[in-house]
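Comments concern the structure below.
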Amino acid sequence: MPSSIPESGTESASAETVDRAQVDVDVLPEGGQVVATGNPWVVVARTFAQNKLAIVGVGVVVLVTLFSFFGPVFHPTDQLNPNLVSVNMAPGGGHLLGTDSEGFDILGRLMKGGQSSIEVGLVVGVIATLLGLIYGAISGFFGGALDGVMMRVVDVGYAIPVVFLFIFMAQVFKPSLTLLIVLLVAVSWLIPARLVRGETLSLRTREYVQAVKVMGGRPPRIILRHIIPNTIGTIMVTVTFQIANAILTLAVLQYLGFGLPPSTPTWGSMLSDGTTYLQDGYWWEVYPALIMIVLTVVAFNFIGDALQDAFDVRLQER
Amino acid sequence: MLGFIIRRLGEAIIVTLGVTVITFTLLHLLPGSLARDVVGPRASPQAIAQFTHQNGLDKPVYVQYWLFLDKLLHGNLGYSYQYNRTVDSLLASELPRDLVLGGLALIFSVLIAIPVGIAQAVRRNGPLDYAGTGISFLLYSMPQYAIALLLIQFLSITFHVFPAEAPQSSSALGMLAHPSGLVLPVAALTLVTFAQFSRYMRSSAIDTLAQDYIRTARAKGLSERLVLWRHLLRNSLIAVVTLVGLSIPLVITGTLIIEQVFNYPGAGLEYLQASISNDYEVMLGITVLVGVVTVLGNLVADIGYAILDPRIRY
Numbered sequence: 000m001p002s003s004i005p006e007s008g009t010e011s012a013s014a015e016t017v018d019r020a021q022v023d024v025d026v027l028p029e030g031g032q033v034v035a036t037g038n039p040w041v042v043v044a045r046t047f048a049q050n051k052l053a054i055v056g057v058g059v060v061v062l063v064t065l066f067s068f069f070g071p072v073f074h075p076t077d078q079l080n081p082n083l084v085s086v087n088m089a090p091g092g093g094h095l096l097g098t099d100s101e102g103f104d105i106l107g108r109l110m111k112g113g114q115s116s117i118e119v120g121l122v123v124g125v126i127a128t129l130l131g132l133i134y135g136a137i138s139g140f141f142g143g144a145l146d147g148v149m150m151r152v153v154d155v156g157y158a159i160p161v162v163f164l165f166i167f168m169a170q171v172f173k174p175s176l177t178l179l180i181v182l183l184v185a186v187s188w189l190i191p192a193r194l195v196r197g198e199t200l201s202l203r204t205r206e207y208v209q210a211v212k213v214m215g216g217r218p219p220r221i222i223l224r225h226i227i228p229n230t231i232g233t234i235m236v237t238v239t240f241q242i243a244n245a246i247l248t249l250a251v252l253q254y255l256g257f258g259l260p261p262s263t264p265t266w267g268s269m270l271s272d273g274t275t276y277l278q279d280g281y282w283w284e285v286y287p288a289l290i291m292i293v294l295t296v297v298a299f300n301f302i303g304d305a306l307q308d309a310f311d312v313r314l315q316e317r
Numbered sequence: 000m001l002g003f004i005i006r007r008l009g010e011a012i013i014v015t016l017g018v019t020v021i022t023f024t025l026l027h028l029l030p031g032s033l034a035r036d037v038v039g040p041r042a043s044p045q046a047i048a049q050f051t052h053q054n055g056l057d058k059p060v061y062v063q064y065w066l067f068l069d070k071l072l073h074g075n076l077g078y079s080y081q082y083n084r085t086v087d088s089l090l091a092s093e094l095p096r097d098l099v100l101g102g103l104a105l106i107f108s109v110l111i112a113i114p115v116g117i118a119q120a121v122r123r124n125g126p127l128d129y130a131g132t133g134i135s136f137l138l139y140s141m142p143q144y145a146i147a148l149l150l151i152q153f154l155s156i157t158f159h160v161f162p163a164e165a166p167q168s169s170s171a172l173g174m175l176a177h178p179s180g181l182v183l184p185v186a187a188l189t190l191v192t193f194a195q196f197s198r199y200m201r202s203s204a205i206d207t208l209a210q211d212y213i214r215t216a217r218a219k220g221l222s223e224r225l226v227l228w229r230h231l232l233r234n235s236l237i238a239v240v241t242l243v244g245l246s247i248p249l250v251i252t253g254t255l256i257i258e259q260v261f262n263y264p265g266a267g268l269e270y271l272q273a274s275i276s277n278d279y280e281v282m283l284g285i286t287v288l289v290g291v292v293t294v295l296g297n298l299v300a301d302i303g304y305a306i307l308d309p310r311i312r313y
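Chains as they are written, first to last, in numbering that gives the first Met the number 0: chain C, 0 to 317; chain H, 0 to 313.
Put into structure tokens, the structure is as follows:
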């Protein structure tokens, strides 16, 4: 939460706030004058930048991405061939974070795992949101019976227990990164679909949409040019939360037995493998991966939260 | 109001049917034939033909779906070929133990989340609010099993306070008879659900605080304590109905994971074991059941909310 939100409580104004109020009076426009708010994107960016947690979130995401994709340049390791001579080695020596049960260097594996975790998160977040966006906009725009049918489909999707479905699919098909992404998308588009549909219901009654209709604008044009651009706030917030959720779900699924081939390690598979050795005290096989997951997911959630506030007109600073 | 309830019921029935269609489709996605899976790879063609015919697998797909639906409507969730028992009898022994785990966790997380969420809303942007937000973000951003593993690491391995394995009793009462073994599983599931509940309670209480009746209560000179207890708390309790109804999937998924970590004997563990032994009917039976419970939870949440909040008129 940005610290700039006015308190809604009844606490008596401190001397400091009184001072600030007086300063504000000086810069307030004369009666009838319109305050220049400027480019709405600038307003959003400014509100976003005032949120300290959001800045931390962006910083963490940038660092984690650099670590995962450029880390191997500075710390090249072999993550394909198990090295059975040096298994379960404690941190130190040639391995800064030790090695796992297959002899893979943990630091290097965190980088490789980070690549696949971030890729899955991004791909799932973007595709699912786009699908949900189009679906929700169509459902909300046309309304009526079509909306009823389309939304019942979404309801059915919500009622299917995700994790149960995934484990079933993992038994039926050969688990692969592609299958995982397809399944994650299949369950993730429901949330943006509902959100965008709700927003479209109110957008389609706006004057500018009515005006386009009267001028003979066809539904595809109205949806693409006038409805979807106005849901940009919701979309950006949803993408961010979806990325966080996908990374998290990925980790949970791998613990429950949705195994990927060892050539595509993820933080989830590292954590899940490492927990086997928790009793043996091999902490370095558990906590580094856990910390990476939590750091990244928290960071994306911070960003999503701040975006939500930044796009909320009531909370913007004018 | 009656119209709303009827419409909402109709929707719930349609959605439930949708869930059964999906489950039925999944059963037919299986590679090879069910007959081959059940009777065995070395069965004679006659045995397979007999099984296929007995189970109606030679009938058209829509007839098969009808038979499947008919079985479900009679409360028959399928047959476990691994145990040679009906899924119903399997679940009859698992579900009471699930209720102990899920129920206790739900009660505890609601009891903790209400005061924490309200306190955060009242002291918004204060240190307490930031601490609460930080903790719930942290819990929310951890894979659910990691919370359980941390509890085991600290309370079971490092300090031998509680056992890391759940009681292995065959009845719900038997589970309750070994409270020390229940502590960690229940605590883990409580933390998982608490993370979302407290966020929800916080924003719901913030919304309530901005309502006119709170301002009126303050304006007429009620003490802050009375405003909070009589107006804020009681109205925030309405949100709990929605919360509990909508959180059913979260609790069930949480239960699945917690059962796996603590080897807690319940439907979730049964599901995972069935997935290892390819006992598909058990998996789909449990999936249908979870789907129906989810739909019911949503229905109860919606109708309960409509009844409790007199401002909602349909």
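All C-beta atoms, glycine included, are put in the ideal place defined by N, C-alpha and C.
Residues of the segment 253-270 of chain H whose Cβ lies closer than 8 Å to any Cβ of chain C, in chain order: 255, 256, 259 and 270. Every alpha helix (DSSP H) stretch that sits fully inside the segment 103-151 of chain C and reaches 4 residues is listed by chain position as 105-141. Taking all protein chains shown into account, residue 240 (chain C) has 16 or more neighbouring C-beta atoms within 10 Å of its C-beta and is therefore buried. Distance from residue 156 (chain C) to residue 189 (chain C) at the Cβ level is roughly 5 Å; contact confirmed, criterion being Cβ atoms closer than 8 Å.
Comparing alpha carbon positions, the residue from C:271, C:283 and C:228 closest to residue 40 (chain C) is C:228. Your pair residue 287 (chain C) and residue 109 (chain C) checks out as a contact, with CB atoms roughly 6 Å apart and the cut at 8 Å.
At a C-beta separation below 8 Å, residue 195 (chain H) has no neighbours in chain C, since its nearest C-beta there lies roughly 12 Å away. Excluding sequence positions up to five before and after residue 254 (chain C), its CB lies within less than 6 Å of the CB of 271, all in the same chain and listed in chain order. For residue 271 (chain C), the enclosing alpha helix (DSSP H) stretches over residues 266-273. Chain-order list of chain C residues neighbouring residue 248 (chain H): 160, by C-beta distance under 7 Å.
Secondary structure of residue 284 (chain H) (DSSP, three-state): helix. Assignment of residue 122 (chain H) by DSSP, reduced to helix, strand and coil, places it in the coil class.
With contact defined as three or more Cβ pairs closer than 8 Å, the segment 175-188 of chain H and the segment 222-233 of chain H are not in contact. Contact annotation for residue 250 (chain C) against chain H: 142 [CB-CB distance below 7 Å, chain order]. Closer than 8 Å to the CB of residue 83 (chain H) there is not a single CB belonging to chain C. For secondary structure counted as the alpha helix (DSSP H) over 4 or more consecutive residues, the segment 154-205 of chain H holds these complete runs in sequence order: 171-175. For residue 10 (chain H), the nearest CB of chain C lies under 8 Å from its own CB, placing it at the interface with that chain. Within chain C, the residues placing a beta-carbon under 7 Å from that of residue 13 (chain H) are 151, ordered along the chain.
It is roughly 45 Å from the alpha-carbon of residue 262 (chain H) to the alpha-carbon of residue 310 (chain C). Below the 7 Å Cβ cutoff, chain C contributes no neighbours of residue 161 (chain H), its closest Cβ being approximately 15 Å away. Between residue 243 (chain H) and residue 105 (chain H) a beta carbon distance of about 7 Å is seen, short of the 8 Å cut, so the two are scored as contacting. According to DSSP, residue 84 (chain H) shares a beta bridge with H:79.
For chain C, none of the residues of the segment 64-82 of chain H brings a beta carbon within less than 7 Å of one of its beta carbons. Its Cα nearest to that of residue 291 (chain H), the residue H:74 stands out among H:74, H:46, H:57 and H:27. Around the CB of residue 111 (chain C), 16 or more other CB atoms lie within 10 Å, so the residue is classed as buried. Contacts between residue 174 (chain H) and chain C, judged by CB atoms closer than 8 Å, are missing: the closest CB pair is about 23 Å apart. Taking a C-beta distance under 8 Å as the contact criterion, residue 187 (chain H) and residue 257 (chain H) qualify as a contact pair.
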